[in-house]
Amino acid sequence: MHETAGDSPWWSTERHLARRPFLAARGEIKRAVRAWFEEAGFTEVECPALQVSPGNEAHLHAFATEKVGPDGSRQPRYLHTSPEFTAKKLLAAGESRIFDFARVFRNREKGALHSSEFTLLEWYRANEPYEQLMDDAVALMRLAATTLGRDKFVWRGRTADPFAAPEKLTVAEAFARYAGIDLLATLTDDPGAPDRDGLAAQAGARGYRVVADDSWTDIYSRVLVESIEPNLGMDRPTIFYEYPTCEAALSRPVAGDPRLAERFELYACGVELANAFGELTDPAEQRRRFEEEMDIKERIYGERYPLDEDFLAALAHMPEASGIALGFERLVVLASGARSIEDVVWAPV
């Protein structure tokens, strides 16, 4: 539901009444999800939004502010783009199964499925494989449908049966199937140095736009958005897994193949619902990846975010773990049949 000139404000009685059933659906799903986690032995945590670093992914944009001390001293701070750094510090402290309905903030985001402020449902399992998160995510997707008495998800004419066995598709398989590109041939044992020219040649031969200053990631992302994502989660959910390591900054490599990482995403109706990692716990490698991401950010956007040194120190004490972030509003949109994220948030921003 988007405001245009002449629309009444979101708080008008008429517009609120039109959104009210979707807001009720949100509450029903949230109660059911919270009960599911409690039954599974998770502890609900509340990660603070104000952080030294908002996250260090090149294409995420944060809200900046200042923390003013009682003496008037000023320190730069950011609203987090994810509760991930704090959640992992809690794992280092000794927590083993945690979840958070986290309010998160991302600048430059607005659309039918994007908002500058939204809810990430994040959960972490210490000493459990990331494949367990695949089962978790599917279970919660089905729980949302069951809670609302729905037998299918719908989004802009696309449908998916959340109760159907999900398709499991690797990133390399999807590039071959939907774009005719051999992605593995462009990856090297050095995750920081994929074969840009090799990917450019393949993409150009398949009719994708490639310009001289495109990086490997630029080309990869263009193919992903144009040809891969629209085909994921059609009729049944898709578990899209084994990302190139250079596209999985916080995840550990797949055993036996450093080119690939333990990362998956869950899709339904072409919509990304969740993003999961087998968590990287090597502080030196994590620092290297963060610095590489910030170099990209500075090159493209002319800014970089600080590293959270406390987070990097905590990684050395963190157990092996897996973690996942699910876009809670997106799940409610698909399960309830809402028209946009603005239908399922109490006060659009």
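Just so we're aligned: the sequence shown equals residues -7 to 341 in our numbering. C-beta atoms are modelled at their ideal positions from N, C-alpha and C, and glycine is treated no differently. Keep in mind the model is a prediction, meaning the values are calculated, not measured.
Same chain only: Cβ atoms within 7 Å of residue i, ignoring 5 sequence neighbours per side
i, result
"residue 4", "none"
"residue 246", "234, 252, 253 and 254"
"residue 179", "186, 236 and 251"
"residue 162", "233 and 234"
"residue -2", "Confidence at residue -2 is low in this model, with a pLDDT of 48, below 50, so its placement is unreliable and no value can be given for it."
"residue 195", "173, 202, 211 and 215"
Cβ-Cβ distance between residue i and residue j below 7 Å
i, j, result
"residue 243", "residue 270", "yes"
"residue 181", "residue 250", "yes"
"residue 300", "residue 45", "yes"
"residue 347", "residue 152", "Residue 347 lies beyond the range of the chain shown here (-7 to 341); nothing can be said about it."
"residue 220", "residue 192", "no"
"residue 313", "residue 281", "no"
"residue 112", "residue 339", "no"
"residue 0", "residue 11", "no"
"residue 71", "residue 50", "no"
Cut-off 6 Å between Cβ atoms - residues of its own chain near residue i, not counting five sequence neighbours on either side
i, result
"residue 309", "84"
"residue 222", "262"
"residue 75", "39, 92, 94 and 114"
"residue -5", "Since pLDDT at residue -5 reaches only 44, below the 50 mark, its modelled position is unreliable, and the value read off the structure follows with that caveat. There are no such residues."
"residue 59", "67 and 69"
"residue 129", "258 and 266"
"residue 146", "329"
"residue 293", "none"
"residue 24", "135 and 139"
"residue 166", "220"
"residue 176", "164"
"residue 119", "311 and 312"
"residue 81", "306"
"residue 144", "151 and 153"
Unbroken beta strand (DSSP E) run spanning residue i, endpoints
i, result
"residue 173", "No beta strand (DSSP E) holds residue 173; DSSP gives it neither H nor E."
"residue 76", "Residue 76 -> not in any beta strand (DSSP E); alpha helix (DSSP H) instead, spanning 76 to 85."
"residue 111", "109 to 118"
"residue 56", "55 to 60"
"residue 180", "Segment: none, residue 180 is in no beta strand (DSSP E) and carries neither H nor E."
"residue 270", "263 to 270"
"residue 90", "89 to 97"
Spatially closest choice to residue i from the options, by CA coordinates
i, options, result
"residue 289", "37, 1, 0 and 54", "54"
"residue 104", "18, 339 and 325", "325"
"residue 122", "339, 272, 301 and 193", "272"
"residue 155", "39, 230, 334 and 172", "230"
"residue 125", "337, 89, 210 and 299", "89"
"residue 257", "31, 216 and 283", "216"
"residue 157", "226, 213 and 110", "226"
"residue 306", "296, 279 and 316", "279"
"residue 204", "277, 188 and 9", "188"
"residue 268", "98, 61, 117 and 96", "117"
"residue 171", "131, 184 and 218", "218"
Residue i: first and last residue of the uninterrupted alpha helix (DSSP H) it sits in
i, result
"residue 305", "301 to 307"
"residue 314", "Residue 314 -> not in any alpha helix (DSSP H); beta strand (DSSP E) instead, spanning 313 to 319."
"residue 289", "275 to 293"
"residue 22", "5 to 31"
"residue 140", "123 to 140"
"residue 235", "Per DSSP, residue 235 belongs to no alpha helix (DSSP H); it is in the beta strand (DSSP E), 230 to 236."
"residue 209", "208 to 215"
"residue 143", "No alpha helix (DSSP H) contains residue 143, which DSSP labels as neither H nor E."
"residue 103", "Residue 103 -> no alpha helix (DSSP H), and no H or E assigned at all."
"residue 258", "It is not in any alpha helix (DSSP H) - residue 258 instead sits in the beta strand (DSSP E) that spans 249 to 260."
"residue 196", "188 to 197"
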